[in-house]
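J.:
Number of protein chains: 2
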Amino acid sequence: MDAHKKKRLEAAGWSAGSAADFLGLSAEETALVETRLAVSAALRDRRVDAGLTQGALAKRLKSSQSRVAKMEAADASVSLDLLLRAYFATGATKHDLAKILMTRKRRAAA
Amino acid sequence: MDAHKKKRLEAAGWSAGSAADFLGLSAEETALVETRLAVSAALRDRRVDAGLTQGALAKRLKSSQSRVAKMEAADASVSLDLLLRAYFATGATKHDLAKILMTRKRRAAA
DNA sequence: ATAGTATATGTCATATCCGGCATACGCGCT
DNA sequence: AGCGCGTATGCCGGATATGACATATACTAT
Chain A
0 MDAHKKKRLE
10 AAGWSAGSAA
20 DFLGLSAEET
30 ALVETRLAVS
40 AALRDRRVDA
50 GLTQGALAKR
60 LKSSQSRVAK
70 MEAADASVSL
80 DLLLRAYFAT
90 GATKHDLAKI
100 LMTRKRRAAA
Chain B
0 MDAHKKKRLE
10 AAGWSAGSAA
20 DFLGLSAEET
30 ALVETRLAVS
40 AALRDRRVDA
50 GLTQGALAKR
60 LKSSQSRVAK
70 MEAADASVSL
80 DLLLRAYFAT
90 GATKHDLAKI
100 LMTRKRRAAA
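Just so you know, the sequences run in chain order A and B.
Residues in the first sequence are numbered consecutively from 0, following numbering that gives the first Met the number 0.
Residues in the second sequence are numbered consecutively from 0, following numbering that gives the first Met the number 0.
(1) Over what stretch of residues does the alpha helix (DSSP H) that includes Ala-30 (chain A) continue unbroken?
(2) What does the alpha-carbon distance come out to for the pair Thr-34 (chain A) and Ala-91 (chain B)?
(3) Could you have a look at Asp-95 (chain B) and say whether DSSP puts it in helix, strand or coil?
(4) Determine which residues of the region 31-63 of chain B have a Cβ less than 7 Å from any Cβ of chain A, and write them out in chain order.
(5) Between the C-alpha atoms of Ser-62 (chain B) and Ala-57 (chain A), what's the straight-line distance to the nearest angstrom?
(6) Under 8 Å, do Arg-59 (chain A) and Ala-88 (chain A) count as touching if we go by C-beta distance?
(7) Is it the case that the Cβ atoms of Val-47 (chain A) and Tyr-86 (chain A) are separated by a distance below 8 Å?
(8) Would you kindly check if the distance between the Cβ of Leu-96 (chain B) and the Cβ of Glu-71 (chain B) is under 8 Å?
(9) Taking Ala-72 (chain B) as the query, report the chain A residues whose CB atoms sit under 9 Å from its CB, ordered along the chain.
(10) In terms of residues, what are the limits of the alpha helix (DSSP H) holding Ala-55 (chain B)?
(11) For the alpha helix (DSSP H) containing Arg-66 (chain B), name the first residue and the last one.
(12) Just mark Ala-49 (chain A) as buried or exposed, buried being the case when its beta carbon has 16 or more other beta carbons within 10 Å.
(13) Work out the CA separation of Arg-84 (chain B) and Leu-51 (chain A) for me, nearest whole Å.
(14) Hey, would you say Ala-68 (chain A) sits closer than 8 Å to Lys-93 (chain B), going by beta carbons?
(15) Taking any Cβ of chain A, which residues in the region 70-97 of chain B have a Cβ under 7 Å from it, in chain order?
(16) Please name the residue in B:Asp-44, B:Leu-79, B:Met-101 whose C-alpha comes closest to that of Val-32 (chain B).
(17) Exposed or buried, which one is Arg-103 (chain B) when buried takes at least 16 other CB atoms within 10 Å?
(18) Can you give me the C-alpha to C-alpha distance between Ser-65 (chain A) and Ser-76 (chain A), rounded to a whole angstrom?
(19) Enumerate in chain order the residues of its own chain whose CB-to-CB distance from Gln-53 (chain A) is below 7 Å, with the five nearest sequence positions on each side excluded.
(20) At a CB-CB cut-off below 8 Å, which residues of chain B make contact with Leu-100 (chain A)?
In structure tokens form, the structure reads like this:
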């Protein structure tokens, strides 16, 4: 991954979930960032719905609580592979993934 | 899944069977492998449709022809990050991604 | 105020992935 | 037979993500 752009992203706090197009992001980069954001948000939703703590999910993944926190923060240091592995570990299916990529951003339900 | 791909997967270290994925794989692992396969196949489709060689796409990605070959072979050594970056670099959108994840496997059109 | 629980953040050694290169394979063409 | 082009495969040194751990923060309950 291009280190320069990554830095810019981090500096701008792209985990805020706002539009990534303030920065001079190309369409590909935007799509990738949005995909990551969509999965990390969905992961958190599913974990919380399942009543799991970050530590509990980490154990399932043979990972660590801190990694899970970073996944949900869409930290630049976590890969999509790990993100998806965690997402699927909550019981999500490929179809679920397709749905969250399709769906427009939406405020959390009460 | 055609026999070719299955062989390549196994050779690359995946324990994936074809329709009988349930053999050794948990649901999460299956979902992850299927996602990788879906993206790599879609990547190849888009590249070929665009009339690009692997080398040309590699140049766009600042990667190498061999990496692109491995992406399309769903080689275990390529990450989903790289796979998706390549996919989006062909002009695909997040919505396109959702579609290929949704869609059932289908024979290539003439 | 203290303890307990959940989450966030930073660092580090090492495991994994990366681009690049060489090379092999296949196929059409002369 | 060669040649050129596109693709596949194997390997390597360097780059990056990983789990583990320590620590910080926040909130609840006693």
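C-beta atoms are modelled at their ideal positions from N, C-alpha and C, and glycine is treated no differently.
Remember, predicted model here, so these are calculated numbers, not experimental data.
T.: Taking the geometry as given:
(1) 26-48
(2) 12 Å
(3) helix
(4) Leu-31, Glu-33, Thr-34
(5) 33 Å
(6) yes
(7) no
(8) no
(9) Neighbours of Ala-72 (chain B) on chain A: none; closest Cβ ~17 Å, over 9 Å.
(10) 53-60
(11) 64-71
(12) exposed
(13) 31 Å
(14) no
(15) Ser-78, Leu-79, Asp-80, Leu-83, Arg-84, Phe-87, Ala-88, Thr-92, Lys-93, His-94, Leu-96, Ala-97
(16) B:Leu-79
(17) exposed
(18) 12 Å
(19) Gln-64, Val-67, Ala-68
(20) Lys-93, His-94, Leu-96, Ala-97, Leu-100
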